[in-house]
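The structure appears right after this line, and notes come after that.
In this note's numbering, the protein residues as written are 3 to 131.
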């Protein structure tokens with residue numbers, strides 16, 4: 003099946019540097035260059051192809067992707083965060099700065115903890131119904 007001009011497949015290939023010519027205007031493929039889509043395999047969506055090309059995101063990915071390790075909050079940090087959450091579920095900039103300084107955490111860690119805690123609260127209230 004030919005990929006017509008301006009089809010999804012044709013546009014995806016042209017944005018990556020392939021299929022610049024309109025179909026029917028064939029040009030030789032440089033030796034050793036891979037086919038963008040093998041003829042016997044149905045084409046995947048561009049999103050699926052990009053996901054498969056990313057390291058650690060393939061079908062058999064078992065190990066965690068490299069990055070920042072999970073923060074382990076101390077009991078004292080958790081007590082203060084929970085106390086603050088009971089007072090107000092959404093944290094303001096000033097309170098975020100105060101907690102970050104008092105608990106020796108970054109403001110983004112405080113922000114993320116509050117986001118995660120709100121989701122936990124939402125799950126708990128939905129399960130209680």
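Each residue gets a CB set at the ideal place from its N, CA and C atoms; glycine is no exception.
Treat the numbers as computed from the prediction; the structure is a model and nothing was measured.
Under the rule that 16 or more other beta-carbon atoms within 10 Å means buried, what is residue 86, buried or exposed? Position 84 of the chain shown, counted from the start, is the residue given in the question as residue 86. Result: buried.
Please identify the residue among 107, 67 and 103 whose C-alpha is closest to the C-alpha of residue 73. As a first step, residue 73 is located in the chain shown; it is residue number 71 there, counting from the start. Checked all of 107, 67 and 103; the closest Cα to residue 73 is 107.
Distance between residue 129 and residue 40 (C-alpha atoms, nearest Å): By one-based count along the chain shown, residue 40 stands at place 38. By one-based count along the chain shown, residue 129 stands at place 127. In this prediction, residue 40 scores a pLDDT of 46, lower than 50, which makes its location untrustworthy; no coordinate-derived value is stated.
DSSP three-state label for residue 69, please. Counting from 1 along the chain shown, the entry for residue 69 is found at position 67. Note: residue 69 maps to coil in three-state DSSP.
Could you tell me if residue 77 is buried or exposed, where buried requires 16 or more neighbouring beta carbons within 10 angstroms of its beta carbon? By one-based count along the chain shown, residue 77 stands at place 75. Classification for residue 77: exposed.
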